[in-house]
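**Student:**
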Amino acid sequence: MAAPMGTEAALPGGAAPHGNFPDYSRFHPPESRVCLLPGALLGRLFPAPRGPRPLLGLDVGCNSGELSVALYKHLLGLDDNETSSHQPAVGTDLKLLCCDIDAALVERAKQRSPFPTSISYTALDIMDPSARETLSSYLTRFGCSSFDLCFCMSVTMWIHLNHGDAGLVEFLSYLSSLCMYLLVEPQPWKCYRAAARRLRKLGRNDFDHFRSLAISGDMAEKITQILTKDGAMELVCCFGNTSRDRSLFLFKSTGVTGQRGSNG
Ligand SMILES: C[S@@+](CC[C@H](N)C(=O)[O-])C[C@H]1O[C@@H](n2cnc3c(N)ncnc32)[C@H](O)[C@@H]1O
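Residues in the sequence shown are numbered consecutively from 1, following the UniProt record's numbering.
(1) Quick one: using the 10 Å Cβ neighbour count with 16 as the cut-off for buried, is glycine 61 buried or exposed?
(2) When you compare each of Pro38, Ala70, Leu76 and Gly39 to leucine 55 by their alpha carbons, which one comes out closest?
(3) May I ask you to verify whether the region 212–223 touches the region 26–43, counting CB pairs closer than 8 Å and requiring at least 3?
(4) Could you tell me the alpha carbon to alpha carbon distance between alanine 48 and threonine 92, rounded to whole angstroms?
(5) State buried or exposed for cysteine 237, treating a residue as buried only when at least 16 other CB atoms are found within 10 Å of its CB.
(6) Just confirm the distance between the C-beta atoms of cysteine 179 and serine 253, as a whole number of angstroms; I'd bet it's less than 8 Å.
(7) For cysteine 98, name the three-state secondary structure that DSSP assigns.
(8) How about leucine 235 and phenylalanine 151: are their beta carbons less than 8 Å apart?
(9) Mind checking whether the beta-carbon of aspartate 23 lies closer than 7 Å to any heavy atom of ligand 1?
(10) Apart from the five residues on each side of it in sequence, which residues of its chain come closer than 6 Å, Cβ to Cβ, to phenylalanine 171?
(11) Is asparagine 20 close to ligand 1? I mean its beta-carbon at under 7 Å from any heavy atom of the ligand.
(12) Let me make sure I understand the geometry here. Which of Leu94, Lys110 and Arg204 has the alpha-carbon closest to that of leucine 78?
(13) Tell whether a beta-carbon distance below 8 Å holds between phenylalanine 142 and valine 184.
(14) Tell me whether serine 136 sits in a helix, a strand or coil according to DSSP, three-state version.
(15) Beta-carbon within less than 7 Å of alanine 214's beta-carbon, same chain only, minus the 5 sequence neighbours each way: which residues are those?
(16) Give the straight-line distance between the Cα atoms of histidine 28 and isoleucine 101, rounded to the nearest whole angstrom.
(17) Would you grab the beta carbon distance between leucine 105 and asparagine 63 for me? Rounded to a whole angstrom, and I think it's under 8 Å.
(18) What is the rounded straight-line gap between the Cα of leucine 149 and the Cα of arginine 198?
(19) Say yes only if the C-beta of histidine 28 is nearer than 7 Å to one or more non-hydrogen atoms of ligand 1, and no if none qualify.
(20) Helix, strand or coil, according to DSSP, for residue 279 in the structure here?
(21) Run the proximity test for tryptophan 158: is its beta-carbon closer than 7 Å to any non-hydrogen atom belonging to ligand 1?
This is how it looks when you write it as structure tokens:
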């Protein structure tokens, strides 16, 4: 699998050029997000029998995997003590592919994974078109062309800061073509300022174009506009706010872009 080369690790003073903080789950605990999601969500989203194939999920920007595991357990209704290398005995078979640009974080996630047969990890830069082939290959293994569910949690700001307005729009368009449902937790604008400030303090100018971003302000609304523009996705609901003032939005593909669709 394609591992991005030379991804810069987190820097002193709590700065990290890609949001690749080594202890992210300590200051933004997974529980503060998963508790907003109804336990029966999978059954509601996928009520009809789907045949023998598992549901396929993608976690973009999984960091060291804590949120991926918490989402997996929450969606399958597993309690906190249930960690097993076998498929859990619940009605739904869910396979998660988790990716992150930081290979060291991905390695940590792999080492700690309590569900190695159901949750896979891969190091890749989601903005690199050739690395995206890894995702297509994963889907092909299950005879599918898209994921059932994709998680994009606290990632949009890092894509935006590193790839500008065009990068953010392209990223969201790619995700909308890649899945049936998309759960997004956008960072509010105040986080952009804090991230740029942290790097500036270290004398870095990584986010120089931060000041020229035209997409700014109410980022939840801007991201909703981008995803629903041209009718590619529709907003299903907002699951509420976390203690860090971030909202969780669920979008559904309308199939209008014509790229998605699962044959499994
Ligand atoms: C702030 S953390 C969020 C971690 C996790 N999703 C959560 O909410 O707990 C953002 C993650 O996105 C990853 N990331 C940033 N840009 C990325 C890219 N281009 N491709 C893949 N992962 C990326 C970072 O390495 C980092 O681990």
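Just so it is clear, CB atoms sit at the ideal spot from N, CA and C, and this is done for glycine as well.
**Tutor:** To lay it out plainly:
(1) Counting from 1 along the sequence shown, the entry for residue 61 is found at position 61. Buried is the call here.
(2) Taking the sequence shown and counting its residues from 1, one reaches residue 55 at position 55. The candidate whose alpha carbon is nearest that of leucine 55 is Leu76.
(3) no
(4) Locating residue 48 in the sequence shown gives position 48, where the first residue counts as 1. Locating residue 92 in the sequence shown gives position 92, where the first residue counts as 1. Distance between the alpha carbons of alanine 48 and threonine 92: 12 Å.
(5) Residue mapping note: residue 237 aligns to position 237 of the sequence shown, counting from 1. That one is exposed.
(6) Translated into the one-based positions of the sequence shown, residue 179 becomes position 179. Translated into the one-based positions of the sequence shown, residue 253 becomes position 253. The Cβ separation is near 7 Å, so the contact holds.
(7) Locating residue 98 in the sequence shown gives position 98, counting from the first residue. Strand, per DSSP.
(8) The residue given as residue 235 occupies position 235 in the sequence shown. The residue given as residue 151 occupies position 151 in the sequence shown. No, Cβ-Cβ distance for leucine 235 and phenylalanine 151 is not below 8 Å.
(9) To locate residue 23, count along the sequence shown from 1; it is residue 23. The answer is no for aspartate 23.
(10) Numbered from 1 along the sequence shown, position 171 holds the residue referred to as residue 171. Ile159, listed in sequence order.
(11) Translated into positions along the sequence shown, residue 20 becomes position 20. The nearest non-hydrogen atom of ligand 1 is less than 7 Å from the C-beta of asparagine 20.
(12) Along the sequence shown, read from residue 1 onward, the residue named residue 78 stands at position 78. Checked all of Leu94, Lys110 and Arg204; the closest Cα to leucine 78 is Leu94.
(13) Looking up residue 142 in the sequence shown gives position 142. Looking up residue 184 in the sequence shown gives position 184. No, these two residues do not count as a Cβ contact at 8 Å.
(14) Translated into the one-based positions of the sequence shown, residue 136 becomes position 136. Reduced to three states, the DSSP call for serine 136 is helix.
(15) Taking the first residue of the sequence shown as position 1, residue 214 is located at position 214. Closer than 7 Å at the Cβ level, and outside the excluded window around alanine 214, lie Asp165.
(16) Taking the sequence shown and counting its residues from 1, one reaches residue 28 at position 28. Taking the sequence shown and counting its residues from 1, one reaches residue 101 at position 101. Going from the Cα of histidine 28 to the Cα of isoleucine 101 covers about 19 Å.
(17) Residue numbering aside, residue 105 sits at position 105 when the sequence shown is read from its first letter. Residue numbering aside, residue 63 sits at position 63 when the sequence shown is read from its first letter. At roughly 5 Å, the Cβ-Cβ gap stays under 8 Å, so leucine 105 and asparagine 63 are in contact.
(18) Mapped onto the sequence shown, residue 149 falls at position 149. Mapped onto the sequence shown, residue 198 falls at position 198. Approximately 33 Å between the Cα atoms of the pair.
(19) Translated into the one-based positions of the sequence shown, residue 28 becomes position 28. Checking the Cβ of histidine 28 against ligand 1 gives yes.
(20) Outside the displayed range of the chain (1 to 264) lies residue 279, so it cannot be described from this structure.
(21) In the sequence shown, counting from the first residue as 1, residue 158 sits at position 158. The answer is yes for tryptophan 158.
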